[in-house]
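Colleague: Please find one structure pasted underneath; my questions will follow.
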Amino acid sequence: MKFNNFPIGIFDSGLGGLTVFKEIRKILPYEDLIYFGDTARVPYGNKSKNTIMRYSNEIFEFLINKRVKIVIVACNTSSSLALDSLRERAIVPVFGVIGPGAKKAVRVFSGKNIAVIGTSATIKSKAYSNAINREIEHLNGDKGYINHTFKIIEQACPLFVPLVEEDFSNEEIIRNIISYYLNPIVSKKPSCIVLGCTHYPILKNFISEAMGMNVEIIDSGIETAKVVKCYLGENGMLKDRKEMGSESFFVSDGTRRLKDLGEKFLGIDIRIEDIHVVEDVSLQEVQI
Ligand code: DGL
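Start counting the sequence shown at 18; every next residue gets the next number (my numbering).
Take a look at the structure:
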C-alpha cells in the first residue's frame, strides 16, 4: 500500500480525544482513522511528567506498529509534556494540539487578556503560555505591534475530566463546579478562553454560559484538524481513494463506554465490532 493511504493515528488518555477525532473526520472524510483511548489509565492530568511520557510513548509505539502515516496527540496533557520527545524519535510526522490552539488565540486577540484552562499537568507545564508568547514574538518580529500589557490567565480545572468520563449529568452540580473554576477568570475579562483539554468541548455550553457571550471559545481540536488537513494536502499525503474512510478504536479498558459516550456526546456512530481492547502494559490486543 502507498504511504499516503496509510491510516491516521489519534490518541488521548480517554474519550476526550474523540472531540479531535470528530473534527478530523468532518474535514477529512476519506482518511482511515485509528483511535486509541487509554481508558484504563485516565486521567493523565494529575500524573507526573515521567508517567505521562511513558504512557504516551507506549501508545505512540502501538500506533506506529499499526503503520500510521501521522500521529495526532489529541491530548493536551501529552502534548504539553511528551510531544518533544515523541517528535525526536518519530519516523512519521507528529501533531500536538497546543500549537494550533495558541495560534488561534493570538489570531483572535483583541488586546485583552487570554484565558487558558486545562488539566493540572498542562497548566503547570506552561505549555500554552509559552506557545502563545512564542506566537506573539513571531508575529511581532521587530514591529512590536502587540504589546505585552495583557495577561495570560491559566487555570487548572481538575474536576472537569471526571465529569465527562463519568458521564455526570446533574446540571446544577456541573454549573457549580464550572463556576468554581471559571469565576476568577471571568472577573479578569478575557477576550477568549482556550479549551486546553480535549475533554472540555463536551462541556462547551456550560463553559460558554459561565464565561458570557462576548468571550470567544477556542477549541484546539478544530484548529488541529485544519493544520493536519493542510499538512497532508501540501505534502501529497492525502489518501487517494475517494471512499469513506474506515475507523477502528482501541481502548485499554471497557468497550461499551467508548461507544455510548462517543454517540451521546459527539454523535459519532461507533460500531462495537470496531472497538478493541488492548492490555495496558504490553499493549497487546486481548479477546473480549
Ligand atoms: N484529554 C486530555 C487533555 O487534553 C487529558 C485529560 C486527562 O487525562 O487528565 O489534556
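We put the CB at the ideal spot given by N, CA and C, even for glycine.
Keep in mind that this is a model prediction, so the values were computed, not measured.
According to DSSP, which residues form a beta bridge with glutamate 183?
Modeller: Bridge partners of glutamate 183: none, in fact.
Colleague: Thinking C-beta only, is valine 125 closer than 9 Å to isoleucine 149?
Modeller: No, they are not a contact pair.
Colleague: Check whether the region 280-300 and the region 60-71 are in contact - that is, three or more C-beta pairs closer than 8 Å.
Modeller: Because the criterion of three Cβ pairs below 8 Å is not met, the region 280-300 and the region 60-71 do not touch.
Colleague: Evaluate phenylalanine 38 with the Cβ neighbour count: other Cβ atoms within 10 Å of its Cβ, from every protein chain shown; 16 or more gives buried, anything less gives exposed.
Modeller: Counting Cβ neighbours within 10 Å, phenylalanine 38 comes out buried, since at least 16 surround it.
Colleague: Kindly provide the ranges of any alpha helix (DSSP H) runs that are 4 or more residues long and lie completely inside the region 92-153, ordered along the chain.
Modeller: Taking only runs of at least 4 residues, the alpha helix (DSSP H) segments lying wholly in the region 92-153 are 93-98, 100-106, 115-124 and 137-142.
Colleague: Along the chain, where does the alpha helix (DSSP H) that runs through cysteine 247 open and close?
Modeller: First-last of the alpha helix (DSSP H) with cysteine 247: 237-251.
Colleague: Give me the DSSP bridge partner(s) of aspartate 29.
Modeller: Per DSSP, Gly54.
Colleague: What would DSSP say about isoleucine 292, mapped onto helix, strand or coil?
Modeller: DSSP places isoleucine 292 in strand when its eight states are reduced to three.
Colleague: I'd like to know whether the C-beta atoms of glutamate 78 and alanine 122 end up nearer to each other than 9 Å.
Modeller: Not closer than 9 Å, so no.
Colleague: If distances are taken between C-alpha atoms only, which option among Pro179, Ser30, Leu199 and Ile140 comes closest to glutamate 171?
Modeller: The candidate whose alpha carbon is nearest that of glutamate 171 is Ile140.
Colleague: Report yes if the C-beta of serine 65 is less than 8 Å from at least one heavy atom of ligand 1; otherwise report no.
Modeller: The answer is no for serine 65.
Colleague: What is the rounded straight-line gap between the Cα of phenylalanine 267 and the Cα of phenylalanine 167?
Modeller: When rounded, the distance between both Cα atoms is 42 Å.
Colleague: Which first and last residues belong to the alpha helix (DSSP H) in which arginine 48 is found?
Modeller: Checking the sequence shown, residue 48 turns out to be glutamate, not arginine. Premise fails: glutamate 48 is in no alpha helix (DSSP H) and is neither H nor E.
Colleague: Just to confirm my understanding: we take serine 73, look at its own chain, exclude 5 residues before and 5 after, and list those with CB closer than 6 Å. What are they?
Modeller: Cβ neighbours of serine 73 beyond the five flanking positions: Ser95 and Ala99.
Colleague: If contacts are defined as beta-carbon pairs under 8 Å, then tyrosine 47 and lysine 243 qualify, I think. What distance do you get, rounded to the angstrom?
Modeller: The Cβ separation is near 17 Å, so there is no contact.
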